[in-house]
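The next block holds one structure in the form of structure tokens; read it before the comments.
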Amino acid sequence: MLEIKKPRDVQILPVSSEITIVRSRTWDRLKFEVEYSLAKGTTANSYLVTGEKVALIDPPGESFTESYLKRLQEHLDLSRIDYVILGHFNPNRAATLKALRQQAPQVTFVCSKAATLAMQKVWENEEFKVKTLVRGENSLDLGNGRVLQFIPTPTPRWPDGICTYDPQSQILFTDKFFGAHICGDQVFDEGWSTLSEDRRFYFDSLHASQARQVITALDRMADLPVRFYAPAHGPLVRYGLSELTHLYRHWCQQQKDQDLTVAMLYASAYGNTATLTDAIAKGLTRAGVNVELMDCESVETTEIQEAAQKCQGIIFGTPTLGGHAPTQIQTALGLILSNADKNKLMGVYGSYGWSGEAIDFVESKLKDAGYRLGFDPIRVKFKPTDVTLQECEEAGIDFAQTLKKMYRLRAPAPSTSTIESDRTAQAVGRVVGSLCVVSARRGDVHSAMLASWVSQATFSPPGLTIAVAKDRAIESLMHKGDRFVLNILPEGMLMWKQFVKNYAPGEDRFTGMQTTEAKNGCQILTESLAYLECAVQDRMECGDHWLVYAAVEDGKVINEGVTAVHKRKSGSHY
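The sequence shown begins at 1 in UniProt numbering and counts up by one.
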């Protein structure tokens, strides 16, 4: 059946007195960035706020420029817009802002100092009106009693970040906070619990690696009386506001409480290295390591020196500009080499257009100094793909696992309480399960794992549960709506050994094995006893694992025999 794709569109709807939301919607995958990888589409939200004067908050990126301005012009004479408020600025947004300036030259941009500098860099030969927010100047009077307040919320990914608060309506415009990349007709978050997974995925993709700065931003918002959040993406947060605010703090604290910390020092000329940074950082945080993101264009020297002392791992991300690493990266590298002990685990990655010498330069400097690398250098030409991002995420997981092994070797001798705990673990280990191989696929990205924590969960519909460790590569392919195949292994055969090897990021787990493709596109092991085609319906966070519930859509017994069972001596490991 031919799939009919919905076109992109722009909705304009009132959300409060004199405040209108302009929702640019697409049901397609918008970008090859980690936060979009669930491929549920997105809404890019901007807002019109009216007093005597009119302010437009956060116009969308260039994917929507034409349709957005056309629809906005139908709703409002663009000459009426006095201000454009920018929660952050990036080159992707520049196309829309430039087109808006051409149609409304009277517009004054309102943004942080860092955003002004970024705009001047992009529009170096052009004049534009800008009101730069400086210390002590944090409001904008639109008249008719409407005075907008600005809250600085800088983070490593958005050092120019601000949120905007309207005391009259008690709406907080949160830009990159509290969003979700989903597309639909729902403007507010009625039935907000159904959005929980998408909101958590968005947080893990964007904010888990900058937890310290996110907590600071939350503290600055804490005393404001807020009726609802108006984020840049997804439904407005009204019904689940208290719950989501609490969860953001909880998730941030979980990251900060990790025993090991990795500093990611990066620069990004065109955004590609920043995208790789997000993917590697997500792998690190999924594997239970705290991350300190450091954009070398804005970080202070003292912060780099402090990271060299306190962090157990350090990873450099660099583009190649004119055959060289940016000056900021070279400076950061020099500080690390001068201040970091040789027992630090290191890594290097980057994007490039023609050559990639910067990655080789950083790698050679680290190796010459005697540092160990946690993964092979990652070199990406031009824009990353979904497959590349999966490889980066797996590299982050591998780095974290290596770091944990290094520090387990330095652990103290077991205490009496540890010995008693081991006895309990022995008892838990007497719980046995079927030995299976799970294969999953989403688009061009695929993975597999050996699983024994599998159980039938329901008769009608037929369903099962699988426990998936957070640091498994396949975990990112086991969200609601994803599909997989459960291959049930026979006793006596050693197929399972294929899946306990150490794989390089992105390496095919099925190399050398006899497989065929299921209806859902995942791999069937033809020598397995049986297979089940499944669709993920729900998942629940359980400590260091996700418990995934899936409905069985199809299945078949393909060989006779006895199901292999995994017997363990301890319940503290597989």
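Beta carbons: idealized from backbone N, C-alpha and C, even for Gly.
Where DSSP assigns a beta bridge to residue i, which residues make up the other side?
i: V468; result: W546
i: A451; result: C436
i: residue 594; result: No answer is possible for residue 594: it lies beyond the span of the chain, which begins at 1 and ends at 574.
i: I524; result: T516
i: I558; result: None, per the DSSP bridge assignment.
i: T50; result: V54
i: R442; result: V445
i: E541; result: W546
i: L345; result: G313, R372
i: L133; result: S112
i: I474; result: According to DSSP, which records beta bridges pairwise, I474 is partnered with nothing at all.
i: E533; result: V485, D554
i: Q456; result: L464
i: T318; result: T318 is not bridged to any residue.
How far does the alpha helix (DSSP H) with residue i in it extend, from its first residue to its last?
i: residue 605; result: Outside the shown range of the chain (1 to 574) lies residue 605, about which nothing can therefore be said.
i: I215; result: 211-221
i: E357; result: 357-368
i: V122; result: 113-122
i: G283; result: 272-286
i: I304; result: 301-310
i: A95; result: 91-103
i: L247; result: 241-256
i: R71; result: 65-75
Can the beta-carbon of residue i be found closer than 7 Å to that of residue j?
i: D166; j: A180; result: no
i: V557; j: I466; result: no
i: I19; j: A55; result: no
i: L276; j: C392; result: yes
i: A115; j: D160; result: yes
i: L486; j: V431; result: no
i: T174; j: C163; result: yes
i: F150; j: V130; result: no
i: A327; j: A358; result: It is Thr, not Ala, that sits at residue 327 in the sequence shown. Going by C-beta atoms, T327 is not nearer than 7 Å to A358.
i: T511; j: L525; result: no
i: C522; j: R441; result: yes
i: T96; j: K113; result: no
i: W251; j: F188; result: no
i: A551; j: A564; result: no
i: residue 583; j: V289; result: Since the first residue of the chain shown is 1 and the last is 574, residue 583 is not available in this structure.
i: G571; j: V428; result: yes
i: S355; j: V291; result: no
i: S46; j: V10; result: no
i: E475; j: V562; result: no
So, under 8 Å CB-CB, residue i and residue j are touching, yes? Tell me the CB distance rounded to an integer number of Å.
i: L389; j: V34; result: 5 Å
i: Y36; j: T43; result: Actually they do not touch by this definition, with Cβ atoms about 12 Å apart.
i: G350; j: G317; result: 6 Å
i: A469; j: D544; result: 6 Å
i: I12; j: R80; result: Not really, about 14 Å apart at Cβ, beyond 8 Å.
i: E553; j: E533; result: 5 Å
i: Y371; j: M406; result: In fact, because the Cβ distance is near 13 Å, the residues do not count as touching under 8 Å.
i: A269; j: C296; result: Wrong, their Cβ atoms sit about 12 Å apart, outside the cutoff.
i: Q168; j: P225; result: Between P225 and Q168 the Cβ distance is about 11 Å, and since that is not below 8 Å, they are no contact.
i: L140; j: V134; result: Actually they are not in contact, since the Cβ atoms of L140 and V134 sit about 13 Å apart, beyond 8 Å.
i: A99; j: L78; result: Between L78 and A99 the Cβ distance is about 10 Å, and since that is not below 8 Å, they are no contact.
i: K176; j: G87; result: 7 Å
i: residue 575; j: G506; result: With the chain covering only 1 through 574, there is no way to say anything about residue 575.
i: Y248; j: V299; result: The Cβ separation is near 23 Å, so there is no contact.
i: M221; j: A263; result: About 27 Å; that fails the 8 Å criterion.
Go to residue i, then tell me how far its beta strand (DSSP E) extends in each direction, as first and last residue.
i: N290; result: 290-295
i: N487; result: 483-488
i: S24; result: 19-26
i: M264; result: 261-266
i: L13; result: 9-16
i: K381; result: 378-381
i: P231; result: 228-231
i: Y83; result: 81-85
Just checking residue i against the ligand PLP - is the residue's beta carbon closer than 6 Å to any of the ligand's heavy atoms?
i: G234; result: By its list of ligands, the structure shown contains no ligand whatsoever, and the ligand PLP lies outside what it can speak to.
**OP:** Just list the alpha helix (DSSP H) runs in the stretch 136-209, keeping only unbroken ones of 4 residues or longer that don't cross its boundaries, in chain order.
**Re:** 196-206
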